[in-house]
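Note that the UniProt record's numbering has the sequence shown beginning at 1, numbered continuously upward.
Glycine included, each C-beta is placed from N, C-alpha and C at the ideal position.
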Amino acid sequence: MQHVNVLISGFDPYDGIDANPAREVPRALAADGVDGPDGTRIDVSAITLPVSFANSWPTLRGAIEERRPDIVIAMGLKHSARGVMMERCATNLMDAHRPDADNARPRLEPIDPDGPAAYWTRLPIGAIIKAFARDGIPATMSSDAGTFVCNTLFYNLLNWSVAQDRALAGFMSLPLVNETPHPQQGLPMAQMVAAGRVVVRETVRYYLRPSSKDILLA
Numbered sequence: 001m002q003h004v005n006v007l008i009s010g011f012d013p014y015d016g017i018d019a020n021p022a023r024e025v026p027r028a029l030a031a032d033g034v035d036g037p038d039g040t041r042i043d044v045s046a047i048t049l050p051v052s053f054a055n056s057w058p059t060l061r062g063a064i065e066e067r068r069p070d071i072v073i074a075m076g077l078k079h080s081a082r083g084v085m086m087e088r089c090a091t092n093l094m095d096a097h098r099p100d101a102d103n104a105r106p107r108l109e110p111i112d113p114d115g116p117a118a119y120w121t122r123l124p125i126g127a128i129i130k131a132f133a134r135d136g137i138p139a140t141m142s143s144d145a146g147t148f149v150c151n152t153l154f155y156n157l158l159n160w161s162v163a164q165d166r167a168l169a170g171f172m173s174l175p176l177v178n179e180t181p182h183p184q185q186g187l188p189m190a191q192m193v194a195a196g197r198v199v200v201r202e203t204v205r206y207y208l209r210p211s212s213k214d215i216l217l218a
């Protein structure tokens, strides 16, 4: 039996948000597990990160070094999202219009002064979006993860992943929780958990049998 180790990160509660799906979805996936394709065993673990420019990536990196995952999926909350958003690109920019948990507010600063302008996701988002459509999960691709803590974490995660032999990594943004389905006001928590399960399963499938048609960045 093949075995794939998946680490999913989320964030601490955001100010003014009663239920943060970026914390609850990773916890639910770790607690309930994900059935692997063709009998593959998937071990899912979750970690909650501070909403901090300085500390989110070091916290995730520590978990990566401890758990040595094959796949790392980071999740964040995007208030403006109508459905699940698969992020294509992480840009080398911090530009905060509000302070983070440490009261830091970098403006127009690079994440890494010596790093590339951007990195592309390493998740098979083409296959993921198709699976969302089959399961009736509202979703789209997103050009970037903004310029707040989510993007900084995403950039550092991809910077790590490009140095690995096989590890896959990427970021998905979740909308606000709305238990009354509405096309412009978020999704029920159960549907977002289902979306997370799709992302894990399709990424594991791609990890085991890579195919260029599954990527589809544009």
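Other residues of its chain near residue i: CB distance less than 8 Å, five sequence neighbours each side excluded
{"i": "LEU29", "result": "ILE8, VAL44, ALA46, VAL193, GLY196, ARG197, VAL200"}
{"i": "ARG61", "result": "ASN156, TRP160"}
As assigned by DSSP and simplified to three states, the class of residue i
{"i": "MET1", "result": "coil"}
{"i": "TYR119", "result": "strand"}
{"i": "ILE137", "result": "coil"}
{"i": "THR48", "result": "strand"}
{"i": "ASP32", "result": "helix"}
{"i": "THR152", "result": "helix"}
{"i": "ASP43", "result": "strand"}
{"i": "GLY170", "result": "strand"}
{"i": "ALA87", "result": "In the sequence as displayed, the identity of residue 87 is Glu instead of Ala. Reduced to three states, the DSSP call for GLU87 is strand."}
{"i": "LEU158", "result": "helix"}
{"i": "GLY126", "result": "helix"}
{"i": "PHE11", "result": "strand"}
{"i": "GLU202", "result": "helix"}
Pair within 8 Å by beta-carbon distance, residue i and residue j
{"i": "VAL177", "j": "PHE132", "result": "no"}
{"i": "LEU93", "j": "ALA22", "result": "no"}
{"i": "PRO37", "j": "VAL204", "result": "yes"}
{"i": "PHE154", "j": "ALA145", "result": "yes"}
{"i": "TYR119", "j": "ALA90", "result": "yes"}
{"i": "ALA81", "j": "PRO175", "result": "yes"}
{"i": "GLU24", "j": "MET189", "result": "yes"}
Beta-carbon proximity list for residue i, same chain, < 6 Å, skipping 5 on both sides
{"i": "ARG105", "result": "ALA96, PRO99"}
{"i": "GLN2", "result": "THR40"}
{"i": "GLY16", "result": "none"}
Euclidean distance between Cα positions of residue i and residue j
{"i": "ILE42", "j": "ALA54", "result": "31 Å"}
{"i": "GLY10", "j": "GLU87", "result": "15 Å"}
{"i": "ALA19", "j": "PRO13", "result": "8 Å"}
{"i": "VAL72", "j": "SER211", "result": "19 Å"}
{"i": "ALA31", "j": "PRO116", "result": "37 Å"}
{"i": "VAL34", "j": "TYR206", "result": "15 Å"}
{"i": "VAL149", "j": "VAL51", "result": "6 Å"}
Residue range of the beta strand (DSSP E) that includes residue i
{"i": "ALA74", "result": "71 to 77"}
Span of the alpha helix (DSSP H), counted from its first residue to its last, around residue i
{"i": "ARG67", "result": "56 to 67"}
{"i": "THR147", "result": "Neither: THR147 is in no alpha helix (DSSP H) and is coded neither H nor E."}
Sequence-distant residues of its chain with Cβ nearer than 7 Å to residue i (five each side left out)
{"i": "ALA63", "result": "LEU7, ILE47"}
{"i": "ILE129", "result": "MET86, ALA139, MET141"}
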